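Remarks on the structure that follows.
In this note's numbering, the protein residues as written are 1 to 386.
What follows is the structure, encoded as structure tokens:
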């Protein structure tokens, strides 16, 4: 099990690497994360022939393990809709009742669901690589932390504790986290990992030795900084710095509740592409393309877009405009919400379409053919969400 001293320490990256390493040894491997909080999701096979959603990290970990991703690998997905509210997805499907419950109350109901998924994967595989969430040392949440502490206990997992040394304070993070963990789970920690190290590893001495003297836990690995691995960030963390300086300029509207931002990761790696995030009209001034990405709260983000006066800037834009998911809905004539799910709003009026929100999301496999398009985009296959 890969635990971290903080969010963004490198848990997802290390778990992905371990999945591939075990798969290369000829073992049957499955990833697992009891609960993920992210609006970066992928649609995968669910239960009883259905389709469902899991966090993108477990999706890529399954691919690294050479397995077909499925909902048991991330049985609970929390998709933030506001600062104090999240949509709860259980085994790939939205649970409206749980979404409305306080965190501690719903944790007691979610724990048996995640435990059943974990035990089933353990029974079916040679190795299960488990990823923790945030930190296992949140002492205010310890009694209801089924994601880190409960999962470690249920699996009797050998645990690694990883920290981001590039941020500074790595040894303090490791020592403090280790000391604040409950004694039984602390005993399961078999090694510390220093992630994102730059420079001469010999300069770390005598830090690892002193830390082992204090805790009894060795530092078993120092991982170098690797910026180009291509894996998406989780938990709403993303690098919004502009990439590239010349070539095609693509501006992505960065509204507060944007979703699936990891879809733009490939653009960051392309030569001749400048990718930027737009929050005000002047950010679109030199853009060749403007992209409106997905949104977890389309009407609210459309209201934000208007408050920033980006609606007028998009309408005046003379380049190309692309809408994805919620962004496509914004480009239409109206958003109609008769169930009180997301709210009514007039659209930007750039496309002759009207979006009507329903209470349930439908997911199904589909194949499309575009007669007016040549090349690789003439035929597409994937999951249709509506």
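Glycine is no exception: its CB is placed at the ideal position from the N, C-alpha and C atoms. Being a predicted model, the structure only gives us computed values, none of them experimental.
About 31 Å separates the CB atoms of residue 170 and residue 122; that is not less than 8 Å, and the two are not in contact. As summarised for the region 39 to 78, the continuous alpha helix (DSSP H) elements at least 4 residues long and confined to that stretch are 56 to 64, given in chain order. Taking residue 179 as reference, the option from 319, 214 and 379 with the minimal CA-CA separation is 214.
About 25 Å separates the CB atoms of residue 163 and residue 118; that is not less than 8 Å, and the two are not in contact. By the neighbour-count definition (other C-beta atoms within 10 Å, threshold 16), residue 249 is a buried residue. DSSP lists no bridge partner for residue 180.
In its own chain, leaving out the 5 sequence neighbours on each side, no residue places its CB closer than 6 Å to the CB of residue 116.
DSSP assignment within the region 81 to 161 yields the following whole alpha helix (DSSP H) runs of 4 residues or more, N-terminal first: 96 to 99, 103 to 124 and 151 to 155.
Nearest neighbour of residue 52 by Cα position, chosen from 297, 88 and 158, turns out to be 88. Residue state for residue 269 is assigned as helix, using DSSP reduced to three classes. Judged by DSSP secondary structure, residue 210 falls outside any beta strand (DSSP E) and instead within the alpha helix (DSSP H) spanning 207 to 215.
For residue 314, the enclosing alpha helix (DSSP H) covers residues 310 to 316. Between the region 18 to 25 and the region 41 to 56, the count of Cβ pairs shorter than 8 Å is below three; the stretches do not touch. Straight across, the Cα-Cα distance linking residue 70 with residue 208 is about 38 Å. Under the criterion of beta carbons closer than 8 Å, residue 231 and residue 60 qualify as touching, at roughly 6 Å.
Within its own chain, the residues whose Cβ lies closer than 8 Å to the Cβ of residue 139, once the five positions on either side in sequence are excluded, are 180, listed in chain order. Beta-carbon to beta-carbon, residue 72 and residue 120 are separated by about 6 Å, close enough to satisfy the 8 Å threshold. Across the structure, residue 160 and residue 67 are spaced so that their CA atoms are roughly 23 Å apart.
Collapsing the DSSP output to three states places residue 257 in coil. Excluding five sequence positions before and after residue 311, the CB atoms of its chain that fall closer than 7 Å to its own CB belong to 305 and 348, given in chain order. Comparing alpha-carbon positions, the option among 212, 211 and 204 lying closest to residue 224 turns out to be 204. Beta-bridge partners assigned by DSSP to residue 295: 258. A distance below 6 Å between beta-carbons, with the five flanking residues on each side excluded, links residue 99 to the following residues of its chain, in chain order: 87 and 88. Residue 131 places its beta carbon less than 7 Å from that of residue 2. Boundaries of the beta strand (DSSP E) harbouring residue 221: 219 to 224, taken from the DSSP string.
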